[in-house]
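Notes to accompany the following structure.
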Amino acid sequence: MKMPKILILLLFILSPAFLEAQELDRNQLINDLKYLSSDELEGRAPLSTGSKKAQAYIKERFSSLGLFSQFDDYTQYFSFGEENKVENAANIVAFVPGQESEKIIVITAHYDHLGVKDGKIYNGTDDNASGTAALLAFAEFFSKNPPKHSMLFAALDAEERGLQGAKALVKDFPFSMDQVLLNINMDMISRNDQNEIYASGTKHYPSLKSILESASRGEKVSLKFGHDLPNTGHDDWTNASDHAAFHAKGIPFVYFGVEDHADYHRHTDTFEKVNQDFYFNTVKLIKRCAVELDANLPL
Ligand SMILES: [Zn+2]
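Throughout, our numbering is defined as the position within the sequence shown, counted from one, plus 449.
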């Protein structure tokens, strides 16, 4: 018996391959991670040739998705430092308008790293090509599955120099800061031997916890809470990455990151050390958290 075309189409739409395609593109994610942390980008120190290559790559991905930005050429330039002033550091920013709300969820990941020291390239694969590649995956996902709230995707520069890109974004934000509902920050999300990732910040903003708990149910990577209070025996990560600039303004944040590992801030933080299954599953988990936060936060 010949199968009717409509039935074939229906079977395809219900097939895991199609549903997965609606989700996240694993090959694209891994290729983004690989390129962003390759030797060619020389550790992505602010203003370096490698940094400019990273910027061009992120812009190309935003532009191929047809994304809009409040900034010319997706670029927010900023300077920092008093003596040894650094000028023309660059955040790369894209925007997806909300379907039901003027409120904004800001998704951040820093793309800079430590550059080259003593002739060694600090590739910064986990820190933080991993968050940057996830940011690109989410920009793609939410441009194809429009969120209720607006989403601003910011690949930030000069985090390693004291969260400078995040501070600049918050200082010269393209909307009223009153519209910002939440910051979701990712910094080091590609490897962990215990198959765990932390969502930090719920001690400060407890109403987020139940949303994250239900979003993480049934996921392959386990979501842990903590690292958001001093004197608990765990490091307090409240001011450890770009989310701190939002927290300083009283804006709720969730920071996703793994426990430090032996290659943290060493030239050995390379692509080969990444557990690709863990990374992909973690990005899926964080995406689900972002979807549920968008669905459940007030409009
Ligand atoms: Zn980092």
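Beta carbons: idealized from backbone N, C-alpha and C, even for Gly. Keep in mind the model is a prediction, meaning the values are calculated, not measured.
### Query
Rounded to the nearest angstrom, how far is the Cβ of residue 685 from that of residue 692, given a contact under 8 Å?
Between residue 692 and residue 685 the Cβ distance is about 13 Å, and since that is not below 8 Å, they are no contact.
### Task
Indicate whether residue 634 and residue 671 have their beta-carbon atoms separated by less than 8 Å.
no
#### Entry: Near ligand 1: residue 489 beta-carbon under 7 Å from a heavy atom
no
### Task
Say yes only if the C-beta of residue 690 is nearer than 7 Å to one or more non-hydrogen atoms of ligand 1, and no if none qualify.
Yes, the Cβ of residue 690 comes within 7 Å of a heavy atom of ligand 1.
### Task
Check whether the segment 697-704 touches the segment 611-631, counting contact only when three or more Cβ pairs, one atom from each stretch, lie closer than 8 Å.
yes
### Query
Roughly how many whole angstroms lie between the Cα atoms of residue 470 and residue 542?
Any answer about residue 470 is weak, because its pLDDT of 44 lies below 50 and its placement is not dependable; what the coordinates show is given next. Straight-line Cα distance between these residues: approximately 25 Å.
### Query
DSSP on residue 723, reduced to helix/strand/coil?
coil
### Rounded separation between residue 747 and residue 554 - CA only
Rounded to the nearest angstrom, the two C-alpha atoms are 11 Å apart.
### Query
Below 8 Å between beta carbons: does that hold for residue 575 and residue 640?
yes
### Query
Would you call the CB atoms of residue 694 and residue 569 closer than 8 Å?
no
### Query
Can you find a heavy atom of ligand 1 that lies under 7 Å from the Cβ of residue 559?
yes
### Query
Since residue 678 contacts residue 609 with CB under 8 Å, what's their CB separation in whole angstroms?
So it is not a contact: roughly 25 Å between Cβ atoms.
### Query
According to DSSP, is residue 508 helix, strand or coil?
It is helical.
### Message
Taking only three categories from DSSP, how would you classify residue 741?
### Response
helix
### Nearest-angstrom Cα separation, counted from residue 621 out to residue 668
37 Å
### Query
Does ligand 1 have a heavy atom nearer than 7 Å to the CB of residue 641?
no
### Task
Inspect the CB distances between the segment 525-538 and the segment 731-748 and report whether three or more fall short of 8 Å.
no
### Message
Could you tell me the alpha carbon to alpha carbon distance between residue 673 and residue 495, rounded to whole angstroms?
### Response
Rounded to the nearest whole angstrom, the C-alpha separation of residue 673 and residue 495 is 32 Å.
### Task
Would you grab the beta carbon distance between residue 638 and residue 706 for me? Rounded to a whole angstrom, and I think it's under 8 Å.
6 Å
### Query
Where does residue 687 fall in DSSP's three states?
coil
### Query
Looking at the unbroken alpha helix (DSSP H) that takes in residue 674, where does it start and where does it end?
Per DSSP, residue 674 belongs to no alpha helix (DSSP H); it is in the beta strand (DSSP E), 671-674.
### Task
Indicate the three-state DSSP secondary structure (helix, strand or coil) for residue 525 in the structure shown.
strand
### Task
Name the two residues that bound the continuous beta strand (DSSP E) containing residue 555.
553-559
### Query
Under the rule that 16 or more other beta-carbon atoms within 10 Å means buried, what is residue 625, buried or exposed?
exposed
#### Entry: Bridge partners - residue 648, DSSP secondary structure assignment
Paired residues: 674, 705.
#### Entry: ligand 1 site residues, beta-carbon cut 5 Å against heavy atoms
576, 577, 636
### Query
Which of helix, strand or coil does DSSP assign to residue 600?
strand
### Task
May I ask you to verify whether the segment 512-523 touches the segment 484-492, counting CB pairs closer than 8 Å and requiring at least 3?
Too few Cβ pairs lie closer than 8 Å, so no.
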